[in-house]
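What follows is a set of notes on a single structure, which appears directly below.
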Amino acid sequence: MNKFILKIRSFFYLLPNITEALFSKPETIAYPAVSHRPSESYRGSVRIIAVNCVGCGLCVRDCPAAALSLEKVSKGCFRLDHYRDRCASCGQCEMSCKFNSIYLDNSYKEASADRVDFFEVLVDKTKKK
Amino acid sequence: MTIEKTAIKLQEILNLDRSTKKLIPLNEVKITISKQQILLAVQTILKSGIWHLSAITCQQLENEFNLLYHFWKSGGLTLLISLDEKNLRIDSICSLIPGAEYYEREAREMFGIEFLGMPNPLPLLLPDNWQGGYPMRKKEQPSQEKSKENPAQEKGKSA
Amino acid sequence: MNQLNLFFRIFIFPGFLFLLVTALFLHWLDRKLIARFQGRVGPPWYQPLADLVRLFAKEDILPVGSNLFFAALLPLISFASVLTASFYLPIAIQSAPSFQGDFIVLLFLLSMPSLMYFLAGWVTRGVYSVIGGNRALLQYFSYEVLFLLAMSGTAIASGSWSLADIRLEQIKESPFIFLQIIGFLLSLAGLIGKLKREPFDIPKAKSEVIAGALTEFSGKKLALWYLTIHLQTMVGLSFLIHCYFSGFWQMNTISGFFIFLLLLIILQGVLSAISAIYARLRIDQLIHLNWHIFIPIALLHNIYILLI
Amino acid sequence: MNNITVPIGPQHPLLKEPLSFLVSLEGEKVTDSTLRLGYVHRGIEKLAERRTYIQNVYLIERICGICSHIHSTTYCQSVEALLKLKVPKRGLYIRMLLCELERIHSHLLWLGVLSKNIGFNTLFMYAWRDREIVLNIMEEISGGRVSHSVNIIGGVRVDINEKHLSLLQKSLQELTIRVEEILRSIENDRSFRARTRNIGNLSLEDIKRFCVVGPVARASGLDIDIRRDAPYAAYDELDFEVPLMTEGDVWARSILRILETIQAIRLCTQIIHNLPDGPVSVTAPRRVPAGEVVSRAEAPRGEVFYYIRSDDSQKPARLKIRTPTLTTLITLPGQLKNMQLADVSAVIAGVDLCIACGDR
Chain A
26 MNKFILKIRS FFYLLPNITE ALFSKPETIA YPAVSHRPSE SYRGSVRIIA
76 VNCVGCGLCV RDCPAAALSL EKVSKGCFRL DHYRDRCASC GQCEMSCKFN
126 SIYLDNSYKE ASADRVDFFE VLVDKTKKK
Chain B
238 MTIEKTAIKL QEILNLDRST KKLIPLNEVK ITISKQQILL AVQTILKSGI
288 WHLSAITCQQ LENEFNLLYH FWKSGGLTLL ISLDEKNLRI DSICSLIPGA
338 EYYEREAREM FGIEFLGMPN PLPLLLPDNW QGGYPMRKKE QPSQEKSKEN
388 PAQEKGKSA
Chain C
377 MNQLNLFFRI FIFPGFLFLL VTALFLHWLD RKLIARFQGR VGPPWYQPLA
427 DLVRLFAKED ILPVGSNLFF AALLPLISFA SVLTASFYLP IAIQSAPSFQ
477 GDFIVLLFLL SMPSLMYFLA GWVTRGVYSV IGGNRALLQY FSYEVLFLLA
527 MSGTAIASGS WSLADIRLEQ IKESPFIFLQ IIGFLLSLAG LIGKLKREPF
577 DIPKAKSEVI AGALTEFSGK KLALWYLTIH LQTMVGLSFL IHCYFSGFWQ
627 MNTISGFFIF LLLLIILQGV LSAISAIYAR LRIDQLIHLN WHIFIPIALL
677 HNIYILLI
Chain D
14 MNNITVPIGP QHPLLKEPLS FLVSLEGEKV TDSTLRLGYV HRGIEKLAER
64 RTYIQNVYLI ERICGICSHI HSTTYCQSVE ALLKLKVPKR GLYIRMLLCE
114 LERIHSHLLW LGVLSKNIGF NTLFMYAWRD REIVLNIMEE ISGGRVSHSV
164 NIIGGVRVDI NEKHLSLLQK SLQELTIRVE EILRSIENDR SFRARTRNIG
214 NLSLEDIKRF CVVGPVARAS GLDIDIRRDA PYAAYDELDF EVPLMTEGDV
264 WARSILRILE TIQAIRLCTQ IIHNLPDGPV SVTAPRRVPA GEVVSRAEAP
314 RGEVFYYIRS DDSQKPARLK IRTPTLTTLI TLPGQLKNMQ LADVSAVIAG
364 VDLCIACGDR
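So the protein sequences, as listed, match chains A, B, C and D. Each number in our numbering corresponds to the 1-based position in the first sequence with 25 added. Each number in our numbering corresponds to the 1-based position in the second sequence with 237 added. Each number in our numbering corresponds to the 1-based position in the third sequence with 376 added. Each number in our numbering corresponds to the 1-based position in the fourth sequence with 13 added.
See below:
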């Protein structure tokens, strides 16, 4: 008997599914109005604790997208730049850093029309005190 | 183990000495054969029930090119053939294994290896009007290392 | 005074403006229902209107070598034919000038857009539009015939080709929906075939021929084509309601008008459900389905009506 | 209407990635078709030779959007073989977990694409709605929905805590119900079957001639699966069946892929239940001693092949990647011979092309 019902139902198989979907809450969210909350482990933008950074350049060497660059004047005096448009948020710099000064939080990287906005200076220890 | 038996049988038929067989990681048996024996080797492999050709790797060493034919049947068997730089010609195995056509076309356009008897020698990945020589070859190192500086970097330099 | 009344009738109430608003509402309802069937939120209420306004503002380009005159003419003809079809149809309030044989005129006017669709394919030289046009022609022959046969069941039952008599017959006896349920289902299938909706939308299949014959159209012409399709749905559905459900409501009464709208919404729901359940059928499966299954049933059905 | 050539060109609704397909038609029948690749060729093998092993992990992951984890697994596994590194058991289990989650994600995405191509929009929406569950799990665990950068040389860099385990448990049960529902609707729906039954047939003999791998081969009766024949990571400790069909048409491939999804869900539950504790990764030296390695893994589309030769430096001397899509691309012109134009969309979706993989 089940076979026979299945044969009949095969003509409009999804009918029960669509009626059930009709009366249940939709799965999608109206995106611009309702904003999507990223998970904690989401790797967003690069942040730094400038105090810990000693300018060793481990992160610059390991960055796959060449998004970090170090201007070293002398032992304690350097500047670490970050090009956000090249950064792929992979988190390798966080893993390579031995002084845990560079890390990624889960905030969105805002878009911008001009590429120059993506350039930011992370650590600026060029002027001797 | 069919891979072992085939390897030994291959060495008898092509009367190669013991040193040609080598074991490389992830249980792969590698046998070095010469250029002329390629068709005979592939026929014996097919006869002994191994039909799956995983890939044909081509690589450039100091003054010679290596061609590696990787077969597989729940274990790996690789044939290593070395061609010297002057004449990069070898017989195509598309007649025996039609599946090898894409790998041969790619080796031909990336390294410049001539496969005699290829069904359709068209470029696989490169555009038709490509004049940049053979991209995968070592010595044609592109001159400038850094790609075009983007404006952010100039600003970075000047800041 | 009569001119003002006539003007009001043609342009405002049962005429152009009312039709446009209901057609857009039905189109929005269709998209919203399909979205809800698939678990999606669905477009806001003003989406169809926004689409049309956007299209009217867009640039109107045509490929080189396509016949500009006909490319402009075809959308106009199909739009005009659907509008005149709505004029004959007594939609809820307005009792149209009904004469013997307006049933056939209405059928002809409703089938004009499909023919224009095919010609549009040939006028613009694109590869996709030619294939889309040919498929539309194949479908035109099979599903228009089915629609005619199935609808004529009601005409045979009421013994005359005029819409008013069909309506009187149903008021006298009982609405045809109870007697001719099979005829109704077949004419629904014919309507889906004519409108090229989901299960039979091979001529404008997005995945093979982009947008079929309409691939090359843009701007105002495309807006006219979309408007025609919306209006065609609206008029087709009200034609079905008139021929099968007209016993339910009285003319010229407010309650009658609302019952009519309710029936329109229910039928549109049925159409959306059908288009949500099925995958798109190939052109040969379409023809096979029509000539081997639908047409014989329709013929038997008509003979059955003749007997009783 | 004599023969016209229809370009299913680089940009076409049928293809999710650029691939040029010139189909010449005789009326509605396809006479022959030519194929042109290379629109997404980025020269990954050349790029890899100019980056260190650590940077290559992120390059290799960007080869293909859907099977990014399987690529980095094969790559890390071969570098670990060169370094003779012993990856801790927990790291292998987490690596396998994400491999299976990605298989579910890839098969459900493929089902959506197939049903969109044959005009079945509701199944397309249902398949991608159920895929969201897997994407949410992956985002919670690894931080990325698609390219999750979980693998590093020497193991895995994320750890699974209590919260992830409970989320996994709940979502996998929900997923099993929904995937079984999809399987029943594929098997019984008449219109789906009408559009996919005996279309794009591939005989077992063709499969062997063209060395086809993955679900397309298993749907024609060839019983190969790298996870069972040559187990890598820790697949030998898990038990799972490899579904097999013999019809070899698009319908058989659809059923087979959804059966594989159910097997993948079973594997995930097994992994969660006997997840060993301990470290997840081991630190790897930067310089790799000279040597060469060949490694294979079972991607959602079939056998992925990697060959790496290292010359005792921080950068690989040669990296050869062969992705499963190349083997199915060769069979396409053969499958399309004297086929209806409307079926071309079902065939192209049936072989589950991942053109970014194919072009590298």
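Ideal placement from N, C-alpha and C gives every residue a C-beta, glycine not left out.
Practice prompt. Return yes when the Cβ of Thr135 of chain D is within less than 8 Å of the Cβ of Leu31 of chain A, no when it is not.
Written response: Within the first sequence, the letter at position 6 stands for residue 31 of chain A. Within the fourth sequence, the letter at position 122 stands for residue 135 of chain D. Between Leu31 of chain A and Thr135 of chain D, the gap from beta carbon to beta carbon reaches 8 Å or more.
message = Tell me the residue span of the beta strand (DSSP E) that contains Thr18 of chain D.
response = In the fourth sequence, residue 18 of chain D corresponds to position 5, counting from 1. Ile17 to Ile21 is the extent of the beta strand (DSSP E) around Thr18 of chain D.
- prompt: Beta carbon of Ser155 of chain D, beta carbon of Pro313 of chain D: below 8 Å?
  reply: Taking the first residue of the fourth sequence as position 1, residue 155 of chain D is located at position 142. Taking the first residue of the fourth sequence as position 1, residue 313 of chain D is located at position 300. With respect to Pro313 of chain D, Ser155 of chain D sits apart: the two C-beta atoms are not nearer than 8 Å.
Open item on the list: In chain order, what are the residue ranges of uninterrupted alpha helix (DSSP H) at least 4 long that sit wholly in the segment 488 to 566 of chain C?
Closed with: Contiguous alpha helix (DSSP H) elements confined to the segment 488 to 566 of chain C occur at 503 to 534, 539 to 548 and 552 to 555, taking only those with 4 or more residues.
Would you check if the distance between the CB atom of Gly69 of chain A and the CB atom of Leu105 of chain A is smaller than 8 Å?
On the first sequence, residue 69 of chain A is found 44 positions in, with the first residue counted as 1. On the first sequence, residue 105 of chain A is found 80 positions in, with the first residue counted as 1. The Cβ-Cβ distance between Gly69 of chain A and Leu105 of chain A does not fall below 8 Å.
- Message: Am I right that Ala61 of chain D and Leu72 of chain D are in contact with their C-beta atoms under 8 Å? What's the rounded C-beta distance?
- Response: Counting from one through the fourth sequence, the residue named residue 61 of chain D turns up at place 48. Counting from one through the fourth sequence, the residue named residue 72 of chain D turns up at place 59. Ala61 of chain D to Leu72 of chain D, Cβ: 6 Å. Contact.
Item checked: Residue from C:Ala411, C:Thr604, C:Phe392 and C:Ile547 whose Cα sits closest to the Cα of Ile653 of chain C -> Mapped onto the third sequence, residue 653 of chain C falls at position 277. Answer by Cα proximity: C:Ala411.
With distance defined between alpha-carbon atoms, name the residue in D:Val301, D:Cys224, D:Gly261 and D:Arg191 nearest to Thr274 of chain D.
On the fourth sequence, residue 274 of chain D is found 261 positions in, with the first residue counted as 1. Relative to the Cα of Thr274 of chain D, the nearest Cα in the group D:Val301, D:Cys224, D:Gly261 and D:Arg191 belongs to D:Arg191.
Count Cβ pairs between the segment 587 to 598 of chain C and the segment 669 to 678 of chain C that sit closer than 8 Å; are there 3 or more?
The segment 587 to 598 of chain C is not in contact with the segment 669 to 678 of chain C.
query = For a contact meaning CB atoms closer than 9 Å, what does Gln353 of chain D contact in chain C?
reply = Translated into positions along the fourth sequence, residue 353 of chain D becomes position 340. Here the neighbours are Arg658, Ile659 and Asp660.
Go ahead and label Asn69 of chain D buried or exposed: buried means 16 or more other beta carbons lie within 10 angstroms of its beta carbon, across all protein chains shown.
As a first step, residue 69 of chain D is located in the fourth sequence; it is residue number 56 there, counting from the start. Buried is the call here.
Q: Give me the Cβ distance between Pro579 of chain C and Gly508 of chain C, rounded to the nearest whole Å; I'm assuming they're in contact under 8 Å.
A: Here residue 579 of chain C corresponds to residue number 203 of the third sequence, with the count starting at 1. Here residue 508 of chain C corresponds to residue number 132 of the third sequence, with the count starting at 1. Contact check for Pro579 of chain C and Gly508 of chain C: beta-carbon distance about 5 Å, within the 8 Å limit, so the pair qualifies.
- Task: Flag Tyr38 of chain A as yes if its beta-carbon sits less than 8 Å from any beta-carbon of chain D, otherwise no.
- Result: For the purposes of this step, residue 38 of chain A is taken as the residue at position 13 of the first sequence. Taking Cβ atoms only, chain D reaches closer than 8 Å to Tyr38 of chain A, which makes this a yes.
Leu638 of chain C versus Ser648 of chain C: straight-line alpha-carbon distance, rounded: As a working note, residue 638 of chain C is residue 262 in the third sequence. As a working note, residue 648 of chain C is residue 272 in the third sequence. Whole-angstrom Cα-Cα distance: 15 Å.
**Message:** Can you give me the C-alpha to C-alpha distance between Phe463 of chain C and Phe484 of chain C, rounded to a whole angstrom?
**Reply:** Stepping through the third sequence from its first residue, residue 463 of chain C is reached at position 87. Stepping through the third sequence from its first residue, residue 484 of chain C is reached at position 108. Answer to the nearest angstrom: the Cα atoms are 14 Å apart.
May I ask which residues mark the beginning and end of the beta strand (DSSP E) holding Trp309 of chain B? One-based indexing of the second sequence puts residue 309 of chain B at position 72. For Trp309 of chain B, the uninterrupted beta strand (DSSP E) segment begins and ends at Glu301 to Trp309.
| query | With a CB to CB cut of under 8 Å and the five nearest residues on each side skipped, what residues in its chain are close to Ser384 of chain B? | reply | Indexing the second sequence from 1 puts residue 384 of chain B at position 147. Its pLDDT being 45, under 50, Ser384 of chain B is placed unreliably by the model, and nothing is read from it.
_Beta-carbon proximity of Asp660 of chain C to Gln24 of chain D, cut-off 8 Å_ = Taking the third sequence and counting its residues from 1, the one referred to as residue 660 of chain C is at position 284. Taking the fourth sequence and counting its residues from 1, the one referred to as residue 24 of chain D is at position 11. Asp660 of chain C is not a Cβ neighbour of Gln24 of chain D, given a cutoff of 8 Å.
query = Looking only at DSSP bridge pairs, what is Val418 of chain D linked to?
reply = Any property of residue 418 of chain D remains undetermined from this structure, which presents chain D solely from 14 to 373.
DSSP three-state label for Ser285 of chain B, please.
By 1-based counting over the second sequence, the position of residue 285 of chain B is 48. Here Ser285 of chain B sits in coil by DSSP.
Problem - Inter-stretch contact (C-beta, 8 Å, three-pair minimum) for the segment 33 to 53 of chain A and the segment 197 to 213 of chain D - result: With a cut-off of 8 Å, the segment 197 to 213 of chain D and the segment 33 to 53 of chain A count as touching, because enough Cβ pairs lie within range.
Please confirm whether Ala244 of chain B has its beta-carbon closer than 8 Å to some beta-carbon of chain D. Within the second sequence, residue 244 of chain B is the residue found at index 7, counting from 1. No, its Cβ sits nowhere closer than 8 Å to a Cβ of chain D.
Kindly indicate the opening and closing residues of the beta strand (DSSP E) around Ala7 of chain D. The question about residue 7 of chain D has no answer, for chain D in this structure spans 14 to 373.
task = Consult DSSP for His606 of chain C and reduce its assignment to one of helix, strand or coil.
result = Working through the third sequence from its first residue, we reach residue 606 of chain C at position 230. In the three-state scheme derived from DSSP, where H, G and I count as helix and E and B as strand, His606 of chain C is classed as helix.
At least one CB of chain D closer than 8 Å to the CB of Met355 of chain B: is that the case?
Within the second sequence, numbered from 1, the residue matching residue 355 of chain B stands at position 118. The C-beta of Met355 of chain B comes no closer than 8 Å to any C-beta of chain D.
Exercise for the section: Please state whether DSSP places Ile586 of chain C in a helix, a strand or coil. Expected result: The residue you call residue 586 of chain C lines up with position 210 of the third sequence. Three-state DSSP puts Ile586 of chain C in coil, outside helix and strand.
**Asked** Touch check for the segment 170 to 178 of chain D and the segment 256 to 269 of chain D: three-plus C-beta pairs under 8 Å?
**Response** No, the segment 170 to 178 of chain D does not touch the segment 256 to 269 of chain D.
Would you kindly check if the distance between the Cβ of Lys29 of chain D and the Cβ of Val171 of chain D is under 8 Å?
Position 158 of the fourth sequence, counted from the first residue, corresponds to residue 171 of chain D. Position 16 of the fourth sequence, counted from the first residue, corresponds to residue 29 of chain D. No, Cβ-Cβ distance for Val171 of chain D and Lys29 of chain D is not below 8 Å.
Next on the checklist: Would Val539 of chain C and Pro466 of chain C be called neighbours here (beta carbons separated by less than 8 Å)?
Outcome noted: The sequence position of residue 539 of chain C within the third sequence is 163, counting from 1. The sequence position of residue 466 of chain C within the third sequence is 90, counting from 1. Per the sequence presented here, residue 539 of chain C reads as Leu, with Val not at that position. Taking 8 Å as the cut-off, the Cβ atoms of Leu539 of chain C and Pro466 of chain C count as close.
Using a Cβ-Cβ cutoff of less than 8 Å, which residues in the same chain neighbour Lys221 of chain D once the five nearest sequence positions on both sides are dropped?
Along the fourth sequence, read from residue 1 onward, the residue named residue 221 of chain D stands at position 208. Here the set comprises Leu235.
Contact set for Ala265 of chain D: own chain, Cβ-Cβ below 7 Å, skip 5 residues either direction: As a first step, residue 265 of chain D must be located in the fourth sequence, where it is residue number 252. Hits under 7 Å: Ala232 and Met258.
- Item | The beta strand (DSSP E) enclosing Ser9 of chain A, as first and last residue numbers | Since the first residue shown for chain A is 26 and the last is 154, residue 9 of chain A is missing from the structure and cannot be characterised.
- So which residues of chain C does Glu52 of chain A contact, with C-beta pairs closer than 7 Å? For the purposes of this step, residue 52 of chain A is taken as residue 27 along the first sequence, with counting starting at 1. The contacting residues are Gly415.
| query | If we call anything under 8 Å between Cβ atoms a contact, is Ser563 of chain C one with Phe523 of chain C? | reply | Here residue 563 of chain C corresponds to residue number 187 of the third sequence, with the count starting at 1. Here residue 523 of chain C corresponds to residue number 147 of the third sequence, with the count starting at 1. Going by C-beta atoms, Ser563 of chain C is nearer than 8 Å to Phe523 of chain C.
If you draw a straight line from the alpha carbon of Ser94 of chain A to that of Val85 of chain A, how long is it in whole angstroms? Your numbering for residue 94 of chain A matches position 69 in the first sequence. Your numbering for residue 85 of chain A matches position 60 in the first sequence. Whole-angstrom Cα-Cα distance: 6 Å.
query: Does DSSP put Pro346 of chain D in a helix, in a strand, or in coil?
result: By one-based count along the fourth sequence, residue 346 of chain D stands at place 333. Correct three-state label for Pro346 of chain D: helix.
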